[in-house]
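Beneath this line is the structure, given in structure tokens, with notes to follow.
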Amino acid sequence: MRVTHSLLHAEDLARRVEREYAVAAPVTVSLLNRGFNDTYLVVDAEGGRRVLRVYNREKYWIRSESDLRFELDLLEHLGAAGLGVIRPYQRTGGDRLGRLTAPEGERCFALFTHAPGSPLFEGTMAEGLWREFGSGIARMHREMDAFRTGHDRYHLDERILVERPLAGLARYAGSGRAAADLAELGKLGAWLTGELRRLRAVGGAYGIIHADLHRGNTHIDGDGRFVTFDFDHCGFGLRAYDLIALYRGPDSPAEEQERWAAVLAGYQQVRPLSRDEVAAFPVLAACRAMWDVGDWLGAADRTGDAWMTDAVIAKLLADVRKATAGQREPASDT
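Using our numbering, the letters of the sequence shown correspond one by one to residues 44 to 377.
What follows is the structure, given as structure tokens:
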């Protein structure tokens, strides 16, 4: 019987951590979450907290170990520059990336510093802190410009943001309603592809990004310090895309618009965006909506696809229409 994805025993992982890292033994390991990787909390004998990630196999954006090493090198670079990010630990053998044998085959793992505090979606933050968060994203992008490594990473281009999600949806468009919605999404996708290509030509608009910078992937502690983690989707993309999870359009509640305005102002103060990039936020919001559905479809062999219904396709179409309303020229009647 073949295995697609196994859940490794926490006690066995604890012994692995004790053998491969300079930590105060004994350690305890407990599962934090399962998603695109398996993530565990590691607590050493002195109460120190770390986070162990066991990478899933066969993810669509990971082509080889080189991609994983790119991520670890990037985190080390950003951390050394004083930015608020988690950092990977060296193993006693000198490498930051480890390998273990699981029922489905070899899996890689890495141990990271723990991000103190609570996620940004909990509670409320003053406008000044949201501005500081935006400034931090800009500083991260500037430091990413200085990053050098011998490893490569994927690109969040139209293939990943548009074409792949549309292809993944095709098998679920069984009803006439869903097929019609997907056909319209295909037309919108062609337009989005053209916009993405146009934006890539804007000077400074393209570079290394976090790529999944939602409010759950940054913690803030009691002293107002931010720590960003989960760079698993990092790669080369449009810099403005890193702000899109925080973007709110003009019809959003006032509180959300104020938060977005503060984040954008903080970013612009450190690293100004061009007018074309600012105008493209609705386009990138549409791409983000498509990518998100396609991203979860990419994990369907492990997490299931019962959630993918006609209603999901209809909502995606509505979200893309809403995001791009006023951006596209009206369709010609001739």
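C-beta: ideal position from N, C-alpha, C; glycine also.
Which residue's Cα is closest to the Cα of residue i: the options?
{"i": "residue 48", "options": "347, 355, 73 and 220", "result": "347"}
{"i": "residue 288", "options": "272, 307 and 256", "result": "256"}
{"i": "residue 173", "options": "223, 290 and 84", "result": "290"}
{"i": "residue 56", "options": "112, 141, 216 and 78", "result": "141"}
{"i": "residue 240", "options": "327, 110 and 101", "result": "327"}
{"i": "residue 132", "options": "170, 169, 85 and 147", "result": "85"}
{"i": "residue 356", "options": "334, 97, 117 and 249", "result": "334"}
{"i": "residue 249", "options": "285, 350, 274 and 53", "result": "285"}
{"i": "residue 198", "options": "215, 263 and 110", "result": "110"}
{"i": "residue 295", "options": "231, 228 and 365", "result": "365"}
{"i": "residue 73", "options": "50, 167 and 247", "result": "50"}
{"i": "residue 233", "options": "216, 367 and 309", "result": "367"}
{"i": "residue 204", "options": "170, 100 and 229", "result": "229"}
{"i": "residue 235", "options": "261, 213, 208 and 214", "result": "208"}
{"i": "residue 89", "options": "75, 71 and 80", "result": "71"}
{"i": "residue 114", "options": "353, 292, 187 and 337", "result": "187"}
{"i": "residue 171", "options": "312, 91, 212 and 192", "result": "312"}
{"i": "residue 116", "options": "214, 167 and 192", "result": "192"}
{"i": "residue 66", "options": "87, 317 and 78", "result": "87"}
Where residue i and residue j are concerned, what is the direct C-alpha to C-alpha distance, given to the nearest angstrom?
{"i": "residue 242", "j": "residue 196", "result": "20 Å"}
{"i": "residue 237", "j": "residue 106", "result": "26 Å"}
{"i": "residue 179", "j": "residue 137", "result": "31 Å"}
{"i": "residue 201", "j": "residue 127", "result": "30 Å"}
{"i": "residue 370", "j": "residue 258", "result": "27 Å"}
{"i": "residue 161", "j": "residue 265", "result": "9 Å"}
{"i": "residue 253", "j": "residue 274", "result": "6 Å"}
{"i": "residue 269", "j": "residue 158", "result": "9 Å"}
{"i": "residue 76", "j": "residue 125", "result": "28 Å"}
{"i": "residue 358", "j": "residue 100", "result": "30 Å"}
{"i": "residue 139", "j": "residue 108", "result": "12 Å"}
{"i": "residue 59", "j": "residue 320", "result": "46 Å"}
{"i": "residue 81", "j": "residue 345", "result": "12 Å"}
{"i": "residue 44", "j": "residue 145", "result": "14 Å"}
{"i": "residue 219", "j": "residue 310", "result": "44 Å"}
{"i": "residue 379", "j": "residue 246", "result": "Past the edges of the chain, shown from 44 to 377, lies residue 379, and the structure says nothing about it."}
{"i": "residue 261", "j": "residue 277", "result": "14 Å"}
{"i": "residue 83", "j": "residue 168", "result": "28 Å"}
{"i": "residue 303", "j": "residue 297", "result": "10 Å"}
{"i": "residue 318", "j": "residue 79", "result": "35 Å"}
Given a cut-off of 8 Å, decide if residue j and residue i are closer than it, judged by their beta-carbon atoms.
{"i": "residue 154", "j": "residue 93", "result": "yes"}
{"i": "residue 251", "j": "residue 190", "result": "yes"}
{"i": "residue 378", "j": "residue 181", "result": "The chain is shown from 44 up to 377; residue 378 falls before or after that span and cannot be answered."}
{"i": "residue 164", "j": "residue 95", "result": "no"}
{"i": "residue 103", "j": "residue 341", "result": "yes"}
{"i": "residue 130", "j": "residue 194", "result": "no"}
{"i": "residue 360", "j": "residue 227", "result": "yes"}
{"i": "residue 216", "j": "residue 222", "result": "yes"}
{"i": "residue 147", "j": "residue 46", "result": "yes"}
With respect to 7 Å, is the separation between the Cβ of residue i and the closest non-hydrogen atom of the ligand NAD below this value?
{"i": "residue 182", "result": "Here there are no bound small molecules, and the ligand NAD is not part of this structure."}
Specify the secondary structure class of residue i as computed by DSSP and reduced to three states.
{"i": "residue 263", "result": "strand"}
{"i": "residue 277", "result": "coil"}
{"i": "residue 81", "result": "strand"}
{"i": "residue 190", "result": "coil"}
{"i": "residue 376", "result": "Bear in mind that a pLDDT of 40 at residue 376, under 50, signals an unreliable position, so the model cannot answer this."}
{"i": "residue 129", "result": "coil"}
{"i": "residue 229", "result": "helix"}
{"i": "residue 141", "result": "strand"}
{"i": "residue 100", "result": "coil"}
{"i": "residue 47", "result": "coil"}
{"i": "residue 64", "result": "coil"}
{"i": "residue 317", "result": "coil"}
{"i": "residue 291", "result": "coil"}
{"i": "residue 106", "result": "coil"}
{"i": "residue 296", "result": "coil"}
{"i": "residue 272", "result": "coil"}
{"i": "residue 89", "result": "coil"}
So residue i and residue j are supposed to be a Cβ contact under 8 Å. How far apart are they, rounded?
{"i": "residue 283", "j": "residue 332", "result": "About 15 Å separates the two Cβ atoms, so there is no contact after all."}
{"i": "residue 64", "j": "residue 135", "result": "7 Å"}
{"i": "residue 329", "j": "residue 363", "result": "4 Å"}
{"i": "residue 53", "j": "residue 61", "result": "The Cβ separation is near 13 Å, so there is no contact."}
{"i": "residue 118", "j": "residue 183", "result": "With 8 Å as the limit, residue 118 and residue 183 do not qualify as a contact, their Cβ atoms being about 11 Å apart."}
{"i": "residue 292", "j": "residue 325", "result": "7 Å"}
{"i": "residue 213", "j": "residue 231", "result": "The Cβ separation is near 15 Å, so there is no contact."}
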